[in-house]
Amino acid sequence: MQKTVVMDAFPESALRYRRGYAVVAIDVIRATTMAATAVAMGRRCFVVTSINHALELASRLRNPILAGEIAGDMPSGFDMNNSPAELAARTDVERPLILLSSSGTQLIHNARHCETVYLASFRDSRALARWLISESHPRIALIGAGSRGEFREEDQICCAWIAERLVRAGYVPQDSKTMDILNRWGHASATDCLVSRSVDYLRRTGQIADLQFILEKVDDLDLALTLRDGEIVTATPAVLPSPHIPKPAIAYRI
187 MQKTVVMDAF PESALRYRRG YAVVAIDVIR ATTMAATAVA MGRRCFVVTS INHALELASR
247 LRNPILAGEI AGDMPSGFDM NNSPAELAAR TDVERPLILL SSSGTQLIHN ARHCETVYLA
307 SFRDSRALAR WLISESHPRI ALIGAGSRGE FREEDQICCA WIAERLVRAG YVPQDSKTMD
367 ILNRWGHASA TDCLVSRSVD YLRRTGQIAD LQFILEKVDD LDLALTLRDG EIVTATPAVL
427 PSPHIPKPAI AYRI
């Protein structure tokens, strides 16, 4: 049987891949970067789809952190925005993270009934690709969360990085859209996402620290993340620093 990979976007797209696919949810700016950062630090991470869902879950956990945004704004009563840079600076790793976002956590939630659900970001795309290849899933769907009806560039790049490795391992693009995205972004650099409206939003709202964090931490984690009962956990046996030689500092203008 020929193994295939397809790229798609938006939370509702997950419903198309409930049967026969391993689904990878991608929201580089910023939900899946948040999840990777939390788990890599040893923090438990749960995803929710609404403020009420977050508050209900918080009532069942010990001293959780409520983190996230709706339409870019941190909800009243939450502890922090959807900020991986801020999360990485915290030392209270014993506190579980409850994560809410406009698109990313909606996508992860919609994919919960798919056969297998993974998460990816710039931090762990290479490690996840290796894991997917080792698991030999026959069909893989890489889905970007998107925002305001757009398949954002940062998510296309992350999808394409993973797809490029899958194709080299023998997978075949399932459709022409997948091939087009792969050809455009398969060898892109992280800084090619600077044209994205998501990046414009971070600039306009003074959240440059998150942009710097995302651009500077590329393939620095050797882990694969999966969804189990609403919690983001490692599919790999352990969370280890990536063994590869660190990349030189990136020169870019933000």
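For the sequence shown, the working numbering assigns the number 187 to the initial residue and increments by one for each residue that follows. Where a beta carbon is used, it is the ideal one built from N, C-alpha and C, also for glycine. Here the structure is a predicted model, which means the values were calculated and not measured.
Delimiting residues of the alpha helix (DSSP H) encompassing residue i
{"i": "A374", "result": "No alpha helix (DSSP H) holds A374; DSSP gives it neither H nor E."}
{"i": "L193", "result": "Checking the sequence shown, residue 193 turns out to be Met, not Leu. First-last for M193: 190-195, but that is the beta strand (DSSP E), not the alpha helix (DSSP H)."}
{"i": "L409", "result": "Careful: L409 lies outside any alpha helix (DSSP H) and carries neither H nor E."}
{"i": "I400", "result": "394-402"}
{"i": "V225", "result": "217-226"}
For residue j and residue i, the rounded distance between their alpha carbons
{"i": "M266", "j": "C345", "result": "28 Å"}
{"i": "T391", "j": "G356", "result": "43 Å"}
{"i": "V303", "j": "E417", "result": "11 Å"}
{"i": "R338", "j": "L247", "result": "34 Å"}
{"i": "G335", "j": "R383", "result": "12 Å"}
{"i": "M193", "j": "E301", "result": "17 Å"}
{"i": "D361", "j": "I326", "result": "12 Å"}
{"i": "I329", "j": "R312", "result": "16 Å"}
{"i": "D310", "j": "I348", "result": "10 Å"}
{"i": "A208", "j": "G263", "result": "35 Å"}
{"i": "L314", "j": "G258", "result": "28 Å"}
{"i": "S236", "j": "E402", "result": "30 Å"}
{"i": "R281", "j": "F232", "result": "11 Å"}
{"i": "Q292", "j": "T219", "result": "15 Å"}
{"i": "R351", "j": "D406", "result": "17 Å"}
{"i": "R354", "j": "A297", "result": "26 Å"}
{"i": "D415", "j": "F308", "result": "24 Å"}
{"i": "D341", "j": "G254", "result": "19 Å"}
{"i": "M365", "j": "V210", "result": "17 Å"}
{"i": "S320", "j": "D408", "result": "14 Å"}
{"i": "I343", "j": "A221", "result": "18 Å"}
{"i": "I294", "j": "A200", "result": "8 Å"}
{"i": "T277", "j": "N249", "result": "14 Å"}
{"i": "D386", "j": "A374", "result": "19 Å"}
{"i": "T412", "j": "N238", "result": "24 Å"}
{"i": "L368", "j": "P324", "result": "19 Å"}
Close Cβ partners of residue i (< 8 Å) along its chain, the five nearest in sequence each way excluded
{"i": "S289", "result": "F196, P197, D213, A217, A331, G332, S333"}
{"i": "V358", "result": "Q188, K189, T190, V191"}
{"i": "H299", "result": "R204"}
{"i": "W317", "result": "Y304, A410, A421, T422"}
{"i": "L388", "result": "I215, I394, D396, L397"}
Three-state class that DSSP yields for residue i in the structure shown
{"i": "R389", "result": "helix"}
{"i": "L368", "result": "helix"}
{"i": "R205", "result": "coil"}
Enclosing beta strand (DSSP E) for residue i [first to last residue]
{"i": "I212", "result": "208-212"}
{"i": "V419", "result": "417-420"}
6 Å CB neighbourhood of residue i in its chain, flanking five on each side removed
{"i": "M260", "result": "N267"}
{"i": "A240", "result": "V234, L252, I284, L286"}
{"i": "T223", "result": "P270, L273, A274"}
{"i": "V279", "result": "M227, G228, R229"}
{"i": "V404", "result": "F308, A376"}
{"i": "T370", "result": "According to the sequence shown, residue 370 is Arg rather than Thr. Hits under 6 Å: none found."}
beta-carbon residue i near the ligand GDP non-hydrogen atom, thresh 7 Å
{"i": "G263", "result": "As for the ligand GDP, it is missing from this structure, which has no ligand bound."}
Cut-off 7 Å between Cβ atoms - residues of its own chain near residue i, not counting five sequence neighbours on either side
{"i": "C379", "result": "E339, E340, I343, V385"}
Length-filtered (3 minimum) beta strand (DSSP E) runs lying within the stretch 312-341 | 325-330
Going along the chain, which unbroken runs of the alpha helix (DSSP H) with 4 or more residues stay wholly within the stretch 230-313?
-> 237-244, 270-275, 290-296
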